[in-house]
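Please read the structure below before turning to the comments.
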Amino acid sequence: MDNATFHKTPKTKELIDNARCRLLYLPTYSPDLNPIEHCWNTIKSRLRPLMHKYTDLQLLVGNTIMEIYHSF
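Under this note's numbering, the residue at position 18 of the sequence shown is numbered 11, and the numbers go up by one with no gaps.
Here it is as structure tokens:
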């Protein structure tokens, strides 16, 4: 898991402990070890020019992810 602060909150730790899991944190500044980071860059670059056209952010993100999915 990356080192985002919300991944280290007491509630998150509680959920992980209750699931009997153990977290392994990635070294900082290591997107090459976390392939999803490359996807976030693609999603964000497609969202930026469209933000002003949508009033429903959830719909915009969902549509964008589906477009990327169908492009493979």
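The beta carbon of each residue, even a glycine, is placed where N, CA and C say it ideally should be.
Would you grab the beta carbon distance between residue i and residue j for me? Rounded to a whole angstrom, and I think it's under 8 Å.
{"i": "T57", "j": "I29", "result": "Contact doesn't hold; Cβ gap of about 15 Å is too wide."}
{"i": "L40", "j": "L53", "result": "7 Å"}
Along the chain, where does the alpha helix (DSSP H) containing residue i start, and where does it finish?
{"i": "H31", "result": "29 to 40"}
{"i": "Y62", "result": "50 to 63"}
{"i": "L8", "result": "3 to 11"}
Can you check which of these residues, the options, is closest to residue i by C-alpha distance?
{"i": "F65", "options": "C32, L43, V54, P42", "result": "C32"}
{"i": "P20", "options": "L52, A(-3), Y47", "result": "A(-3)"}
{"i": "S38", "options": "D49, P3, I61", "result": "I61"}
For residue i, which residues from the same chain have a beta carbon less than 7 Å from its beta carbon, with the 5 sequence-adjacent residues on both sides left out?
{"i": "N27", "result": "D(-5), L19"}
{"i": "L16", "result": "M(-6), I9"}
Leaving out the 5 sequence neighbours to the left and right, which residues in its chain are closer than 8 Å to residue i when beta-carbon positions are compared?
{"i": "L43", "result": "L53, T57"}
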